[in-house]
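In terms of our numbering, the sequence shown is residues 49 to 267.
Have a look at the structure below before the remarks.
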Amino acid sequence: VSELSANGVLEDTLLVVTADHGEELLDHGLVGHGQSLYDELLRVPLLVRPGANVINARPAPAVTDELASHVDLTPTLLAAASLAPGDVRGRDLLTAPAPDRVFAEVKHKRRYLQCVVNGDHKLIRETKFERAPDHASGQGDYNNLQDLFASRPHRTKTRLFDLAHDPGETRDLSHREKDRAEELGGMLDAWWQGLERRGSDTRAIEEDMIRRLESLGYL
């Protein structure tokens with residue numbers, strides 16, 4: 049920041065500070081990341097500072113508990129640069145109203161997890177396949193989830209948490225609050241179907257990229 053200021057460009061710059069994910073330290077019996085969707089992984093810092101010359105009406109400095117997602121960063125940066133967002137997901141964090149729900153997903157070996165946060169509640173849906181997807185051949189791969197669900201025997205379980213009263217996500221309410229679990233499950237279904245229609249998961253991944261992702265533990 050001091051360097052930007054010294055060079056006279058701080059007020060022409062949009063600063064964003066964030067992290068790609070948190071880390072699990074046995075909070076739920078796991079260590080590392082990429083294996084679950086608990087809040088110790090999903091809740092990360094997000095600081096956005098638009099320079100005075102970046103947008104016409106800069107918001108007053110504030111701390112907010114609005115829902116936000118990493119997919120919001122691209123439209124935010126494009127808007128700050130006065131570029132059309134095109135066909136990208138997310139919202140401009142500086143001008144668009146906050147959503148009432150936010151989604152996340154992770155794929156780990158034989159497991160595919162999705163979650164939605166809406167109000168005080170969070171639903172995690174975990175699907176476990178009897179056989180792992182074949183990334184190399186593309187047959188039964190995560191790139192086409194509908195084909196994967198149709199071609200691989202699997203089991204699905206759902207967990208519902210009240211984040212206001214149980215921020216540690218230790219008490220599953222899915223059996224006690226079935227209507228709420230079903231409501232959030234419907235939100236997940238609609239979100240997933242939207243992704244399938246957009247074709248965002250159908251792009252081919254080159255083999256060397258697959259190897260690199262595997263070496264980093266992402267596949």
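Ideal Cβ positions, reconstructed from N, Cα and C, are used throughout, including at glycine.
So, using beta-carbon positions, are residue i and residue j closer together than 9 Å?
| i | j | result |
| --- | --- | --- |
| Thr37 | Pro133 | Lying outside 49 to 267, the shown extent of the chain, residue 37 is not represented and no answer is given. |
| His169 | Leu208 | yes |
| Ala67 | Pro98 | no |
| Thr206 | Leu171 | yes |
| Val92 | His76 | no |
| Leu94 | Val64 | yes |
| Leu62 | Val102 | yes |
| Cys163 | Leu85 | yes |
| Ala152 | Thr112 | no |
In chain order, what residues of the same chain have a beta carbon less than 7 Å from the beta carbon of residue i, not counting five sequence neighbours either side?
| i | result |
| --- | --- |
| Asp148 | Asn166 |
| Leu141 | Val96, Ala116, Asp120 and Thr124 |
| Glu41 | Missing from the structure shown is residue 41; the chain here goes from 49 to 267 and no further. |
With respect to the beta strand (DSSP E) encompassing residue i, which residues constitute its N-terminal and C-terminal limits?
| i | result |
| --- | --- |
| Pro98 | Leu94 to Pro98 |
| Leu264 | Leu264 -> no beta strand (DSSP E), and no H or E assigned at all. |
| Leu221 | Note, Leu221: premise wrong, no beta strand (DSSP E); not H, not E. |
| Leu161 | Arg159 to Asn166 |
| His169 | His169 to Phe177 |
| Ala144 | Where Ala144 is concerned, there is no enclosing beta strand (DSSP E), given that its DSSP letter is neither H nor E. |
Less than 6 Å between C-beta atoms, sequence neighbours within five positions excluded: which residues of the same chain meet that for residue i?
| i | result |
| --- | --- |
| Glu71 | His81 |
| Thr175 | Tyr160, His202 and Thr204 |
| Gln83 | His156 |
| Val150 | Leu115, Ser117 and Val165 |
| Asp220 | Arg207 |
With a threshold of 16 other CB atoms inside 10 Å of the CB of residue i, please say whether the residue is buried or exposed.
| i | result |
| --- | --- |
| Arg268 | The chain is shown only over 49 to 267; residue 268 falls outside these bounds and no answer can be derived. |
| Ala229 | buried |
| Ser50 | exposed |
| Ser222 | buried |
| Leu236 | buried |
| Arg173 | buried |
| Val79 | exposed |
Just to confirm my understanding: we take residue i, look at its own chain, exclude 5 residues before and 5 after, and list those with CB closer than 8 Å. What are they?
| i | result |
| --- | --- |
| Leu211 | Asp87, Val165, Asp168, His169, Lys170 and Glu217 |
| Pro215 | Asp87 |
Could you spell out the range, first to last residue, of the alpha helix (DSSP H) harbouring residue i?
| i | result |
| --- | --- |
| Leu121 | Leu121 to Ala128 |
| Leu52 | Ser50 to Ala54 |
Practice task
Let me know the alpha helix (DSSP H) ranges lying completely inside the region 65-92, each 4 residues or longer, listed in chain order.
Solution key: 87-90
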